Amino acid sequence: MSEYSEKPYLSIIIPIYNTEKHLKKCIDSILNQDYKDYELILVDDGSTDNCLMICRNYEKISKRILVIHQENGGVTSARKAGLAVARGEYISFIDSDDWIEPGFYSCFLDKDSDVLPDIILASGYQNDEFLEGEIQSEKIHTRLKNGIYNYKSIRKILKREFLFPVLWLKLFKRELIQKNMLLIDDRVCMGEDNLCFYACALDAHAVMLQKNDKYHYVQHRFSATHQHNKEHIKNVRYFTDNLKKIRNIKKADFLDLQWNKMILAVLLKVIIKEFKTKKTFLSLYDMRELER
Numbered sequence: 096m097s098e099y100s101e102k103p104y105l106s107i108i109i110p111i112y113n114t115e116k117h118l119k120k121c122i123d124s125i126l127n128q129d130y131k132d133y134e135l136i137l138v139d140d141g142s143t144d145n146c147l148m149i150c151r152n153y154e155k156i157s158k159r160i161l162v163i164h165q166e167n168g169g170v171t172s173a174r175k176a177g178l179a180v181a182r183g184e185y186i187s188f189i190d191s192d193d194w195i196e197p198g199f200y201s202c203f204l205d206k207d208s209d210v211l212p213d214i215i216l217a218s219g220y221q222n223d224e225f226l227e228g229e230i231q232s233e234k235i236h237t238r239l240k241n242g243i244y245n246y247k248s249i250r251k252i253l254k255r256e257f258l259f260p261v262l263w264l265k266l267f268k269r270e271l272i273q274k275n276m277l278l279i280d281d282r283v284c285m286g287e288d289n290l291c292f293y294a295c296a297l298d299a300h301a302v303m304l305q306k307n308d309k310y311h312y313v314q315h316r317f318s319a320t321h322q323h324n325k326e327h328i329k330n331v332r333y334f335t336d337n338l339k340k341i342r343n344i345k346k347a348d349f350l351d352l353q354w355n356k357m358i359l360a361v362l363l364k365v366i367i368k369e370f371k372t373k374k375t376f377l378s379l380y381d382m383r384e385l386e387r
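Note that the working numbering has the sequence shown beginning at 96, numbered continuously upward.
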């Protein structure tokens, strides 16, 4: 299928904020896919650069592209906006500074399959571009073998395996991700992917792992995850409160070890970010914020 579909099988959502340098490569990598039964939803989250103009230009050349513009509300808010209009059976999130190789979707999207998994896990590379002209790549994958895992297997795996709990390396059934995305607090700006992935995985009855090494997660000094944010300390509290909420709703106390690891990981990221600003942790923030 090469033309626009009124009911696409796949909805690809890109939350966008000030990534004009990388945005065209990201969008072009999607338009160049051999799999064509999709809609592309570009959510500009209040960018102050030329991202919105770039999105509008792409919208003019393809009926499959929809542009949403909103005031800055964070990546979760942007994802929710995209999900509100998505029509696909499956949802794929791609960060606006990432890109995918040809054949990323076609290798695991088969509507004739007897099993339609709730979540599809892919694999790829993390590309670090901190120095101009210098790129370091590291493979993103899991030790698990390709295949389909059932409800009991998934819960056992969640207790012992690190599945790289991000949203951009996976596809989700639309109903599953829409329901669980609503559980995520828009204010959580670090660790929000972890929360949403585990919420979805705990509801999943079938998860397919298909390693294809075609996703490129790009990290550079202007990436959102490397920007200083005065709300980082508050984020630890938002994250912890949100995690407790999900744990209670899903009755997932059996994952307490993983929950604690996630809290420590977020706290460590905050500490690293603060020291990278070359300012002392205590001089910037009242540590009593963490005790509230």
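C-beta: ideal position from N, C-alpha, C; glycine also.
All of these numbers come straight from a predicted model, not from anything done at the bench.
(Q) Here's the rule I'm using: 16 or more other beta-carbon atoms within 10 Å means buried, otherwise exposed. How should G177 be labelled? (A) Your numbering for residue 177 matches position 82 in the sequence shown. By the Cβ neighbour-count rule, G177 is buried, with 16 or more other Cβ atoms within 10 Å of its own.
For the beta strand (DSSP E) that contains K158, what are its first and last residues?
The residue you call residue 158 lines up with position 63 of the sequence shown. That residue, K158, is in no beta strand (DSSP E); it is neither H nor E in DSSP.
### Query
Measuring CA to CA, which of I108, D288 and Y312 is closest to V361?
Counted from its first residue, the sequence shown places residue 361 at position 266. Taking V361 as reference, the option from I108, D288 and Y312 with the minimal CA-CA separation is D288.
Discussion item. By the three-class DSSP mapping on this structure, what secondary structure does I279 have?
Written reply: For the purposes of this step, residue 279 is taken as the residue at position 184 of the sequence shown. Three-state result, I279: coil.
query = Between G183 and I107, what straight-line distance do the alpha-carbon atoms span, to the nearest angstrom?
reply = Translated into the one-based positions of the sequence shown, residue 183 becomes position 88. Translated into the one-based positions of the sequence shown, residue 107 becomes position 12. Straight-line Cα distance between these residues: approximately 9 Å.
Inter-residue spacing [alpha-carbon to alpha-carbon] between Y220 and K265
On the sequence shown, position 125 is the one that residue 220 refers to. On the sequence shown, position 170 is the one that residue 265 refers to. Going by the C-alpha atoms only, they are around 14 Å apart.
Check your understanding: Quick one, which of L147, C202 and I189 has its alpha-carbon nearest Y130's?
Key -> What you label residue 130 is simply residue 35 of the sequence shown in a count that begins at 1. With distances taken between Cα atoms, Y130 lies closest to C202.
| With burial defined as no fewer than 16 other Cβ atoms inside 10 Å of the residue's Cβ, what is the status of F334: buried or exposed? | What you label residue 334 is simply residue 239 of the sequence shown in a count that begins at 1. It counts as buried.
- Task: Could you check which residue in P260, K254, I215 and R255 has the C-alpha nearest to that of N241?
- Result: As a first step, residue 241 must be located in the sequence shown, where it is residue number 146. Relative to N241, the option among P260, K254, I215 and R255 whose CA is nearest is I215.
message: For the region 254 to 262 against the region 276 to 295, do three or more pairs of beta-carbon atoms, one drawn from each stretch, fall closer than 8 Å, so that the two count as touching?
response: Counting C-beta pairs with one atom in each stretch, the region 254 to 262 and the region 276 to 295 have three or more that are closer than 8 Å, which means they touch.
Practice prompt. Compute the beta-carbon to beta-carbon distance between Y337 and V283, rounded to the nearest angstrom, for a pair I have assumed lies under 8 Å.
Written response: For this step, residue 337 is matched to residue 242 along the sequence shown. For this step, residue 283 is matched to residue 188 along the sequence shown. Before going further, note that residue 337 is Asn rather than Tyr in the sequence given. Right, their Cβ atoms sit about 6 Å apart.
By the DSSP assignment, the beta strand (DSSP E) with K268 in it spans what residues?
By 1-based counting over the sequence shown, the position of residue 268 is 173. Taken as a continuous stretch (DSSP letters only), the beta strand (DSSP E) holding K268 covers K265 to K268.
On the DSSP bridge assignment, give the partners of G141 in chain order.
Translated into positions along the sequence shown, residue 141 becomes position 46. For G141, DSSP records no beta bridge to any residue.
Cβ-based neighbour list, K102, same chain, cut-off 7 Å, excluding 5 preceding and 5 following:
Translated into the one-based positions of the sequence shown, residue 102 becomes position 7. R182, listed in sequence order.
Next on the checklist: Tell me the DSSP secondary structure of G177 in three-state form.
Outcome noted: For the purposes of this step, residue 177 is identified with residue 82 of the sequence shown, where counting begins at 1. Here G177 sits in helix by DSSP.
Confirm, please, whether the CB-CB distance from I272 to I186 is below 7 Å.
Taking the sequence shown and counting its residues from 1, the one referred to as residue 186 is at position 91. Taking the sequence shown and counting its residues from 1, the one referred to as residue 272 is at position 177. Contact flag set, yes.
How many Å lie between D193 and D223 at the Cα? Residue mapping note: residue 193 aligns to position 98 of the sequence shown, counting from 1. Residue mapping note: residue 223 aligns to position 128 of the sequence shown, counting from 1. Approximately 11 Å, taken between the alpha carbons.
* Could you tell me if M285 is buried or exposed, where buried requires 16 or more neighbouring beta carbons within 10 angstroms of its beta carbon? => Numbered from its first residue, the sequence shown carries residue 285 at position 190. Its Cβ being crowded by 16 or more others within 10 Å, M285 is buried.
Am I right that L253 and L350 are in contact with their C-beta atoms under 8 Å? What's the rounded C-beta distance?
As a first step, residue 253 must be located in the sequence shown, where it is residue number 158. As a first step, residue 350 must be located in the sequence shown, where it is residue number 255. The Cβ separation is near 6 Å, so the contact holds.
Give every residue of the same chain whose Cβ lies closer than 6 Å to the Cβ of Q322, excluding the five residues on either side of it in the sequence, and list them in chain order. In the sequence shown, counting from the first residue as 1, residue 322 sits at position 227. Confidence at Q322 is low in this model, with a pLDDT of 44, below 50, so its placement is unreliable and no value can be given for it.
The alpha helix (DSSP H) that contains F292, what's its start and end? Here residue 292 refers to the residue found at position 197 of the sequence shown. E287 to D298 is the span of the alpha helix (DSSP H), which, as asked, contains F292.
**Q.** Cβ neighbours of E134 in the same chain (closer than 6 Å, five flanking residues each side left out)
**A.** Position 39 of the sequence shown, counted from the start, is the residue given in the question as residue 134. Excluding its 5 nearest sequence neighbours in each direction, E134 has C-beta neighbours in its own chain below 6 Å: P103, S106 and R159, listed in chain order.
* Integer Cβ distance of E115 from D139, believed to fall under 8 Å -> Taking the sequence shown and counting its residues from 1, the one referred to as residue 115 is at position 20. Taking the sequence shown and counting its residues from 1, the one referred to as residue 139 is at position 44. At roughly 11 Å, the Cβ-Cβ gap does not stay under 8 Å, so E115 and D139 are not in contact.
| message | Counting C-beta neighbours from all protein chains within 10 Å, is the total for N330 16 or more, i.e. buried, or is it exposed? | response | Sequence index remark: in the sequence shown, residue 330 carries index 235 (1-based). Buried, because 16 or more other Cβ atoms sit within 10 Å of the Cβ of N330.
*Go to I189, then tell me how far its alpha helix (DSSP H) extends in each direction, as first and last residue.*
Residue numbering aside, residue 189 sits at position 94 when the sequence shown is read from its first letter. Neither: I189 is in no alpha helix (DSSP H) and is coded neither H nor E.
Which of the three DSSP states is assigned to Q305 in this structure? As a first step, residue 305 is located in the sequence shown; it is residue number 210 there, counting from the start. DSSP places Q305 in the coil class of the three-state scheme, outside both helix and strand.
### Task
Just the C-alpha distance for R332 and L363, rounded to the nearest angstrom, thanks.
On the sequence shown, residue 332 is found 237 positions in, with the first residue counted as 1. On the sequence shown, residue 363 is found 268 positions in, with the first residue counted as 1. Between the alpha carbons of R332 and L363 lies a distance of about 14 Å.
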